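Protein chains: 2
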Amino acid sequence: MKRTAFFISDGTGLTAEALGHSLLAQFEKIEFERVTVPYIADEDKARDMVKRINKAAEVDGARPLVFDTIVNSDIRDIISTADGFMVDIFGTFLSPMEQELNSSSSYTVGKSHSINHTGSYERRIDAVNFALDNDDGARTRQYDEADLILVGASRSGKTPTCLYLALQYGIKAANYPITEEDLEDQKLPKALKPHKEKIFGLTIEPERLATIRNERRPNSRYSSMKQCMHEIEEIELMYRRERIPFLNTTAYSVEEISTRIMLATGLKRNR
Amino acid sequence: MKRTAFFISDGTGLTAEALGHSLLAQFEKIEFERVTVPYIADEDKARDMVKRINKAAEVDGARPLVFDTIVNSDIRDIISTADGFMVDIFGTFLSPMEQELNSSSSYTVGKSHSINHTGSYERRIDAVNFALDNDDGARTRQYDEADLILVGASRSGKTPTCLYLALQYGIKAANYPITEEDLEDQKLPKALKPHKEKIFGLTIEPERLATIRNERRPNSRYSSMKQCMHEIEEIELMYRRERIPFLNTTAYSVEEISTRIMLATGLKRNR
């Protein structure tokens with residue numbers, strides 16, 4: 047039986063979604079139709095939402111799960127009249143938190159993904175621009191400014207990781223591809239030497255690397271298993287020789303790679 | 047008085063953080079020291095975590111707030127012995143959800159930000175590569191493949207938005223800068239014409255645009271107030287004339303711009 051799950055918010059809905067996905071992931075046997083509805087910020091929209099939930103209850107023959115992060119309690123009260131199973135974040139936790147903190151909630155809408163005025167949003171966007179300007183070894187003269195320099199074989203996951211670190215944490219991450227020429231020299235590329243303490247290495251299983259490279263350049267030397275094995279072996283040797291901390295990205299998403307790098311390096315978010 | 051807030055997870059901690067930040071944003075008068083601790087996945091780490099929470103309680107003179115999304119109930123039980131105020135997501139919601147769904151939880155750790163095997167992770171990474179390859183009008187021959195083509199003045203927020211749409215939603219978004227030459231012709235740039243239904247416009251207050259451009263090229267014609275006003279006026283005229291849906295990005299973060307575009311276009315996530 048299919049169940050509908052709504053993620054409802056007066057803001058972007060990203061928090062309701064993240065929470066809802068975590069909880070729904072625990073019920074693998076059930077098929078969920080997932081619907082995110084952001085910007086439910088007035089009573090008219092809330093009433094429309096109630097109709098939508100009730101409609102889904104009728105169609106599914108079972109009440110939908112409703113994950114909401116709506117701050118305004120009047121709007122929440124309207125939503126709660128719907129024929130749904132409510133997972134109400136603010137309704138559940140805000141009042142005990144008010145007691146604990148001995149402070150009343152300011153009922154601020156959609157703060158967590160908005161531009162605030164502490165400059166942290168600008169830092170995130172600056173970091174995205176930094177990642178783009180310093181992608182793939184394009185420049186090395188801004189490395190003084192970098193929080194982190196990711197190194198690794200071509201297509202080992204450096205660029206998406208740098209972009210995620212920028213967007214999520216405001217971390218300025220450059221990336222530098224280790225090429226065959228670099229490996230022949232058996233030492234750290236010259237441009238990296240003065241910044242050794244900022245370097246973090248990525249590695250990846252040669253099989254996975256070959257698969258990824260084959261999508262870009264099918265049946266090339268670049269994407270051959272032999273070449274991938276050779277590069278990864280040499281690169282890992284270099285990491286060990288130079289005592290560069292590194293991570294095997296094969297089984298990890300960009301979110302996992304990024305949080306593991308944050309943990310391993312002790313970098314703090316700039317936001 | 048400062049209070050410490052811990053965001054603890056057996057996975058990346060991103061969900062615990064998102065939820066915790068939303069709740070803490072409601073208490074603007076209180077200063078929180080925010081600490082994210084990912085990958086608390088065994089009992090030893092949980093016991094260390096208890097010590098860390100108790101230490102913070104001692105130093106602060108008040109018990110920390112602990113937001114956790116730990117799936118394993120043995121690990122959660124250990125954490126709950128700490129001297130903290132527990133906001134326990136799974137402990138609170140999982141058991142009522144089990145009843146509602148008439149299904150037991152599979153206690154799957156860290157699913158929400160991991161690589162699954164449905165191909166959705168690959169789609170997100172493909173979308174990142176697509177955004178990079180099709181940034182800033184670099185190419186137009188892949189527009190057939192695009193889910194969305196963002197247009198707008200230089201520095202109106204197109205690139206970070208495309209990257210966020212790719213990472214978060216797996217949306218393949220190209221972007222095309224509207225230049226002065228395009229505006230002189232008083233019509234839609236030729237490369238965009240065959241893809242009109244995929245186009246979404248960004249605009250921005252001229253003052254904000256001038257500020258952003260000044261950081262890149264100070265005191266240039268490009269960043270002058272006069273130039274910015276002219277471009278924005280002409281671009282908005284074009285949007286209206288060509289009936290291109292558009293959004294003013296001035297007050298919005300990339301998260302907000304992206305969710306608003308998803309809502310306005312009816313695009314669905316590819317994950």
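So the sequence lines, in the order shown, correspond to chains A and B. Start counting the first sequence at 47; every next residue gets the next number (our numbering). Start counting the second sequence at 47; every next residue gets the next number (our numbering). Cβ coordinates follow ideal geometry from the N, Cα and C atoms, glycine included. Since the model is a prediction, treat every value here as computed from it, not as a measurement.
So the alpha helix (DSSP H) residue i belongs to, where does it begin and stop?
i: B:T138; result: I135 to L147
i: A:R49; result: Counting along the chain, A:R49 falls outside any alpha helix (DSSP H), though it belongs to the beta strand (DSSP E) covering K48 to S55.
i: A:N294; result: Taken as a continuous stretch (DSSP letters only), A:N294 belongs to no alpha helix (DSSP H), being part of the beta strand (DSSP E) at F292 to N294.
i: A:F176; result: S166 to D179
i: B:L196; result: Taken as a continuous stretch (DSSP letters only), B:L196 belongs to no alpha helix (DSSP H), being part of the beta strand (DSSP E) at L194 to G198.
i: B:I125; result: S119 to I125
i: A:G247; result: Taken as a continuous stretch (DSSP letters only), A:G247 belongs to no alpha helix (DSSP H), being part of the beta strand (DSSP E) at I245 to T249.
i: B:T154; result: Element bounds for B:T154: n/a, residue is neither H nor E.
i: A:T186; result: Counting along the chain, A:T186 falls outside any alpha helix (DSSP H), and DSSP gives it neither H nor E.
i: B:T61; result: L60 to L70
i: B:P206; result: K204 to Y215
i: A:L255; result: P252 to R262
Taking all protein chains shown into account, do 16 or more other C-beta atoms lie within 10 angstroms of the C-beta of residue i, making it buried, or fewer, making it exposed?
i: B:Y153; result: exposed
i: B:M47; result: exposed
i: A:Q232; result: exposed
i: B:E279; result: exposed
i: B:A184; result: exposed
i: A:Q72; result: buried
i: B:T327; result: Since the first residue shown for chain B is 47 and the last is 317, residue 327 of chain B is missing from the structure and cannot be characterised.
i: B:V105; result: exposed
i: B:D120; result: exposed
i: B:G312; result: exposed
i: A:D148; result: Per the sequence presented here, residue 148 of chain A reads as Asn, with Asp not at that position. Its Cβ having fewer than 16 others within 10 Å, A:N148 is exposed.
i: A:T127; result: exposed
i: B:P206; result: buried
i: A:C102; result: The sequence shown places Ala at residue 102 of chain A, not Cys. By the 10 Å Cβ count, A:A102 comes out buried.
i: B:A177; result: buried
i: A:S202; result: buried
i: A:S150; result: exposed
When you compare only the Cα positions, how much space is there between residue i and residue j?
i: B:M308; j: B:Y215; result: 9 Å
i: B:L209; j: B:S304; result: 10 Å
i: B:S55; j: B:N265; result: 48 Å
i: A:V174; j: A:T50; result: 36 Å
i: A:Q188; j: A:N180; result: 8 Å
i: B:Q145; j: A:A212; result: 41 Å
i: B:T61; j: B:P84; result: 10 Å
i: A:P291; j: B:H241; result: 46 Å
i: A:E191; j: A:K218; result: 8 Å
i: A:D182; j: A:K75; result: 42 Å
i: B:A64; j: A:S166; result: 16 Å
i: B:L194; j: A:C274; result: 34 Å
i: A:S68; j: B:L234; result: 44 Å
i: B:I86; j: B:Y222; result: 44 Å
i: A:T43; j: A:A237; result: Because chain A here runs from 47 to 317, residue 43 of chain A falls outside it and cannot be looked at.
i: B:A199; j: B:I171; result: 26 Å
i: B:R259; j: A:E277; result: 41 Å
i: A:G137; j: B:N294; result: 33 Å
i: B:F53; j: B:I99; result: 11 Å
i: B:E9; j: B:A256; result: The requested residue 9 of chain B is not part of the displayed model; chain B covers only 47 to 317.
Starting from residue i, trace the beta strand (DSSP E) both ways and give me its first and last residue.
i: B:E79; result: E77 to V83
i: A:Q219; result: Looking at the sequence provided, one finds Ala at residue 219 of chain A rather than Gln. Looking at the DSSP string, the run of the beta strand (DSSP E) that includes A:A219 is A219 to P223.
i: B:T115; result: L111 to T115
Interface residues of chain A around residue i at Cβ under 7 Å?
i: B:F139; result: L69 and V133
i: B:K75; result: S149
i: B:Y222; result: Correct list: empty, because the minimum Cβ distance to chain A is about 17 Å.
Would you mind telling me which residues of chain A sit closer than 9 Å to residue i, beta carbon to beta carbon, in chain order?
i: B:H241; result: Ordered by position in chain A, no residue passes the 9 Å Cβ test against B:H241, which lies about 24 Å from the chain.
i: B:E104; result: Within chain A, no residue comes near B:E104; the closest Cβ sits about 17 Å away, beyond 9 Å.
Can you pull the chain B residues whose beta carbon is under 7 Å from the beta carbon of residue i, in chain order?
i: A:G247; result: Simply none; closest approach about 19 Å.
i: A:S299; result: H159, S160, I161 and Y167
i: A:M95; result: Here the premise fails: no neighbours, minimum Cβ distance about 13 Å.
i: A:I171; result: P206
i: A:P264; result: Neighbours of A:P264 on chain B: none; closest Cβ ~15 Å, over 7 Å.
So which residues of chain B does residue i contact, with C-beta pairs closer than 9 Å?
i: A:G130; result: What A:G130 touches in chain B: nothing, since even the nearest Cβ is about 10 Å away.
i: A:M271; result: Here the premise fails: no neighbours, minimum Cβ distance about 20 Å.
i: A:S152; result: A71, Q72, F73, E74 and K75
Would you say residue i lies against chain D (beta-carbon separation less than 9 Å)?
i: B:T127; result: Judged by its chain identifiers, the structure shown contains no chain D, and its protein chains are A and B.
Can you list the residues of chain A that residue i reaches, using a CB-CB cut of under 8 Å?
i: B:L209; result: V174, L209 and L213
i: B:A64; result: L60, T61, A64, L65 and S158
i: B:V117; result: Q72
i: B:A268; result: In the sequence as presented, Ala is not what sits at residue 268 of chain B; that position holds Tyr. Within chain A, no residue comes near B:Y268; the closest Cβ sits about 16 Å away, beyond 8 Å.
i: B:L313; result: By Cβ distance, chain A contributes nothing, its closest Cβ being about 12 Å from B:L313, past 8 Å.
Against residue i, what residues of chain B qualify as contacts under a CB-to-CB distance less than 8 Å, listed in chain order?
i: A:L309; result: P84 and Y85
Quick test of the definition: if touching needs 3 or more C-beta pairs under 8 Å, does the region 273-288 of chain A touch the region 217-232 of chain A?
As far as the Cβ criterion goes, the region 273-288 of chain A touches the region 217-232 of chain A, which means the pair count is three or higher.
Report yes or no: do three or more beta-carbon pairs, one from the region 105-119 of chain B and one from the region 130-137 of chain B, lie closer than 8 Å?
Segments in contact, yes.
Check whether the region 247-264 of chain A touches the region 240-260 of chain B, counting contact only when three or more Cβ pairs, one atom from each stretch, lie closer than 8 Å.
No, the region 247-264 of chain A does not touch the region 240-260 of chain B.
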